[in-house]
Each structure stands twice: as structure tokens, then as C-alpha cells.
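> Residue numbering for the sequence shown follows the working numbering, starting at 27 and increasing by one per position. All C-beta atoms, glycine included, are put in the ideal place defined by N, C-alpha and C. Only a predicted model underlies this, so the values are computations on that prediction, with no experimental measurement involved.
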Amino acid sequence: QYGSVLLALILMYCIIFNEKSKALAATKVELNTATAIQTAMMPHIFPAFPDRSEFDLYATMDPAKEVGGDFYDYFLIDDDHLCIVMADVSGKGVPAALFMMASKIIIQSCAMLGESAGKILTKTNEAICSNNPEEMFVTVLLGILEISTGKLTYANGGHEYPAFMHRGGEWTISKEKNGLAVGALEGVRYKETTVDLKPGDKIFLYTDGVPEATDKNESMFGMENMLKTLNRSREADPKTILGAMRAAVDEFVGSAEQFDDLTMLCFEYKGNN
27 QYGSVLLALI LMYCIIFNEK SKALAATKVE LNTATAIQTA MMPHIFPAFP DRSEFDLYAT
87 MDPAKEVGGD FYDYFLIDDD HLCIVMADVS GKGVPAALFM MASKIIIQSC AMLGESAGKI
147 LTKTNEAICS NNPEEMFVTV LLGILEISTG KLTYANGGHE YPAFMHRGGE WTISKEKNGL
207 AVGALEGVRY KETTVDLKPG DKIFLYTDGV PEATDKNESM FGMENMLKTL NRSREADPKT
267 ILGAMRAAVD EFVGSAEQFD DLTMLCFEYK GNN
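Dropping the structure here:
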């Protein structure tokens, strides 16, 4: 009798273990699919524009255990206008990756029409809100640089504040009032901020995975550490700056598992040499 009970328990355990293994396998497939979508949709060949000496740009994206919808983008609208984008989609997994893909395509399509930064976010918001049954949204910081003059116009849809460094100065966070996340509410109009970049000026864009990186004691890396790291690398090029930031975050979090993507972009304006 006890043998039969033991056999039944072993059989039950095997069934449960098998179902859990299937679930884990399915989760792994979903994770791999989301990562593949996320990676494939972002430019990752550097130098980004080897024939352009007026600027230098570098970006990285490191997916976390639970893949989110972070993405960056950069592309030439025409010979004198460069668009840069940093964004973070709500949610995790394949749904977030697919929403990220749709958002990226809409943003680029609006930008290629020659719209201003604010109008690009406004039109993207209209497009997403018109068909968004899952009520997802995306925070976006989008800038358009007039390459010949260094005039940067950007709009912020609920995203992390950008960091700027003027040549010879220190990195600071530009805390202008930003708008709502794109897709969160119909009828939003996004305002623009203009910055005149000079040769040697730099910009650092990031998602919340950087300041909110957490160590084993649940302490966050924070904006203060982020700025300290940037200011230790003031004279470095964009690639070196992002490497230093990643190293600082890794040292801070140690072995603590991270559940948010780590996405960064650094840009240096060099002007017309």
C-alpha cells in the first residue's frame, strides 16, 4: 500500500515537474523572441556615420532578465538634419517588444516627413491612441539636430531628463518640464526645447534602468552617481563614456539581478571642421 502511495506521489511529482519545465521552456522562448525583436530593430554598427565628421555617436542596449521595451534610434532625415531617439515602452516580454517595434516605425515615419520634434511626438501619440486596446504607452525623448549650425530641438514625452555637457564644463541634468508619455492620453501637444551646441558639447540619453539599477541592499545607483561617472569622463569620446557608465553600474549592483534594460546613447557635436 505504501509502495503504491509512494509511486503515485513520484508520478505526480514527475507530472508537475514536466509541466513546470514546459512553462519554463515557453518563458525562455518568449524571452529569446523578445530579445531578438528588440535587438534587430536597433542600429548597432559603429561608427554610426563614418563619412560624417561633424559629430560622433555611440549607443548600447543591454536587456535585463525580464526583457522590456527600451530602444534607441538615430537616422539622417536629410543631409543636414539628424534625429536621435531614446525610448522606453511600458510592459515586458514579447508584447512590449512588438509595441516597441510599432512605436519606432511610427516615430521614424513622422520624422522623415520633415516634422519638428514636438509634432513628431504629437502625431505619434495620435497614431498610437487611435488603436491601443492594451493601453500601452512609451516614454520618448526625441531630438533633431541641424548639423550645420549645432541647433538641437528636442521634445520629451515623459522620459528621463537628458544630460548635457558644454565643452570645458561639467555634466548637468536639464530638467525642463516634459510632457505625458506617448500613447497615454489623446490630444496631447508636445512642447519643444532648443539648445545651441558648440564643438565639444555632449549629450547623454538613457532609460530608467541606469539610475534605478539596484544593488543587493535595494539601493539605487541614482542620478548623483550617474553624474559623478559622467564627470569623471568629461574628456572622453562617446564610446568610452558609455563603457565607463556600464562599468560603474556593474560595480555598484554587484551580483544583484537586474529586471530593467540598461540603454544609453552619447552624442558629441564636433561642428564643421
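If you draw a straight line from the C-alpha of Tyr-100 to the C-alpha of Thr-165, how long is it?
Rounded to whole angstroms, Tyr-100 to Thr-165 spans 16 Å at the Cα level.
> Between the region 249–266 and the region 210–218, are three or more C-beta pairs nearer than 8 Å?
Flag = no, the region 249–266 and the region 210–218 do not touch.
> Tell me the residue span of the alpha helix (DSSP H) that contains Val-120.
It spans 119–137 - the alpha helix (DSSP H) in which Val-120 sits, taken as one unbroken run.
> Between the beta-carbon of Leu-168 and the beta-carbon of Val-214, is there less than 8 Å?
No. Outside cutoff.
> Checking the sheet assignment: what are the DSSP bridge partners for Glu-250?
In the DSSP output, where bridge partners are listed per residue, Glu-250 has none listed.
> According to DSSP, what are the bridge partners of Asp-99?
Paired residue(s): Val-111.
> Just to confirm my understanding: we take Ser-116, look at its own chain, exclude 5 residues before and 5 after, and list those with CB closer than 6 Å. What are they?
For Ser-116, where only same-chain residues beyond five positions count, the Cβ hits under 6 Å are Met-162 and Phe-163.
> Apart from the five residues just before and just after Ala-282, which ones in its own chain have a Cβ nearer than 7 Å to its Cβ?
Excluding sequence neighbours, Ala-282 sits near Thr-240, Asp-241 and Lys-242.
> Rounded to whole angstroms, what is the Cα-Cα separation between Phe-293 and Ala-123?
If I take the Cα positions, the gap works out to 25 Å.
> Touching or not, the region 124–138 and the region 179–198, by the rule of three or more beta carbon pairs under 8 Å?
Contact fails: fewer than three Cβ-Cβ distances are below 8 Å.
> Starting from Ala-189, trace the beta strand (DSSP E) both ways and give me its first and last residue.
First-last of the beta strand (DSSP E) with Ala-189: 189–191.
> In whole angstroms, give me the CA-to-CA distance for His-192 and Pro-159.
Going from the Cα of His-192 to the Cα of Pro-159 covers about 43 Å.
> What number of angstroms, rounded off, separates the C-alpha of Pro-237 from the C-alpha of Arg-272?
Spanning the two alpha carbons is a distance of roughly 11 Å.
> Going by C-alpha to C-alpha distance, which of Met-246, Pro-69, Lys-224 and Asn-182 sits closest to Glu-218?
Out of Met-246, Pro-69, Lys-224 and Asn-182, Asn-182 has the C-alpha closest to the C-alpha of Glu-218.
> Are the region 145–158 and the region 258–274 touching by the rule of at least three beta carbon pairs closer than 8 Å?
At 8 Å Cβ cutoff, the stretches do not touch.
> Going by C-alpha distance, which of Gly-226, Leu-171, Ala-66 and Gly-280 is nearest Ile-103?
Checked all of Gly-226, Leu-171, Ala-66 and Gly-280; the closest Cα to Ile-103 is Leu-171.
> Does DSSP classify Met-68 as helix, strand or coil?
Reduced to three states, the DSSP call for Met-68 is coil.
> Determine the DSSP secondary structure at Gln-157, reduced to helix, strand or coil.
The sequence shown places Asn at residue 157, not Gln. Note: Asn-157 maps to coil in three-state DSSP.
> Compute the distance between the beta-carbons of Gly-176 and Tyr-84, then report whether it is under 8 Å.
No, Cβ-Cβ distance for Gly-176 and Tyr-84 is not below 8 Å.
> Leaving out five residues on either side along the sequence, give the residues of the same chain with a beta carbon under 7 Å from the beta carbon of Ala-153.
Cβ within range, chain order: Ile-132.
> Return helix, strand or coil for Gly-15, following the three-state DSSP convention.
What is shown of the chain runs 27 to 299, which leaves residue 15 out entirely.
> Have a look at Gly-280 and Ser-259 and give me their C-alpha separation to the nearest angstrom.
Computed Cα separation, rounded: 22 Å.
> Apart from the five residues just before and just after Gly-226, which ones in its own chain have a Cβ nearer than 6 Å to its Cβ?
So the qualifying residues of the chain are Arg-193.
> What number of angstroms, rounded off, separates the C-alpha of Lys-145 from the C-alpha of Ala-90?
Looking at the two C-alpha atoms, the distance is approximately 32 Å.
> What residue does the beta strand (DSSP E) around Glu-212 start on, and which one ends it?
Neither: Glu-212 is in no beta strand (DSSP E) and is coded neither H nor E.
> Tell me, please, which residues DSSP counts as bridged to Met-290.
Met-290 is bridged to Thr-86 and Tyr-232.
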